[in-house]
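Asks: Just dropping this structure here.
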Amino acid sequence: VVFCISLMSTGVLAHSDHGHVSDQQAISIAAKSINKLAFKDYGFEVGKLNDSWKEIPSEALSLVKESDDYYIIKASNENEGSEVYFKITKSGQLLDVKSKSDF
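Per the numbering used here, the very first residue in the sequence shown carries number 23; after that it's consecutive.
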């Protein structure tokens with residue numbers, strides 16, 4: 023019994039950080055999401071992004087805010103003079119996309 027409890031507690035400790043993404047990974051998730059949103063409207067406030075969003079450089083994405091639970095990533099499109107904000111959980115799930123950072 024002690025051996026089983028030891029194995030279970032070791033497994034829990036080993037996976038306590040499992041699934042958390044870094045701010046750089048969150049930026050990468052936002053970049054991939056931009057490409058998807060240029061093809062289809064996924065029901066976010068911004069709707070379908072126009073084709074000019076497909077060409078924005080990686081430098082156009084930046085971390086705006088980090089909380090205990092999520093990241094806010096900003097993508098700037100200089101061709102359009104507009105910005106889009108992504109709310110991404112620490113587990114890597116895209117929660118929302120807005121044209122303003124009012125999450």
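Beta carbons are placed, not taken as given, at the ideal position from N, Cα and C, and that holds for glycine. The model shown is predicted, which means the values in this text are computed figures rather than measured ones.
Looking at the unbroken alpha helix (DSSP H) that takes in Ile-56, where does it start and where does it end?
Replies: Looking at the DSSP string, the run of the alpha helix (DSSP H) that includes Ile-56 is 45-59.
Asks: Considering only residues of the same chain and omitting the five flanking positions on each side of Ile-49, which have a CB-CB separation below 7 Å?
Replies: Leu-83, Leu-85, Ile-95, listed in sequence order.
Asks: With a 10 Å radius around its C-beta and 16 neighbouring C-beta atoms as the bar for buried, classify Tyr-64 as buried or exposed.
Replies: Tyr-64 should be labelled exposed.
Asks: Cα separation between Gly-103 and Lys-112?
Replies: C-alpha separation (whole angstroms): 29 Å.
Asks: Reducing DSSP to helix, strand and coil, say where Lys-76 ends up.
Replies: The answer is helix: DSSP assigns Lys-76 an H, G or I state.
Asks: How close, in whole Å, do the beta carbons of Ser-55 and Leu-116 come, if the pair is a contact with beta carbons under 8 Å?
Replies: Their Cβ separation, rounded to whole angstroms, is 6 Å, which keeps Ser-55 and Leu-116 in contact under 8 Å.
Asks: Near Lys-87, what residues of its chain come up, given a Cβ to Cβ distance below 6 Å and the 5 sequence neighbours on each side ignored?
Replies: If we look at Lys-87 and ignore the five residues flanking it on each side, its Cβ neighbours are Ile-94.
Asks: Could you check how far apart the C-beta atoms of Ser-121 and Glu-67 are, in whole angstroms? I think they sit under 8 Å.
Replies: With 8 Å as the limit, Ser-121 and Glu-67 qualify as a contact, their Cβ atoms being about 6 Å apart.
Asks: Give me the Cα-Cα distance between His-42 and Asn-101, rounded to the nearest whole angstrom.
Replies: Their backbone Cα atoms lie some 33 Å apart in a straight line.
Asks: In or out: Lys-109 buried (at least 16 other Cβ within 10 Å) or exposed?
Replies: It counts as buried.
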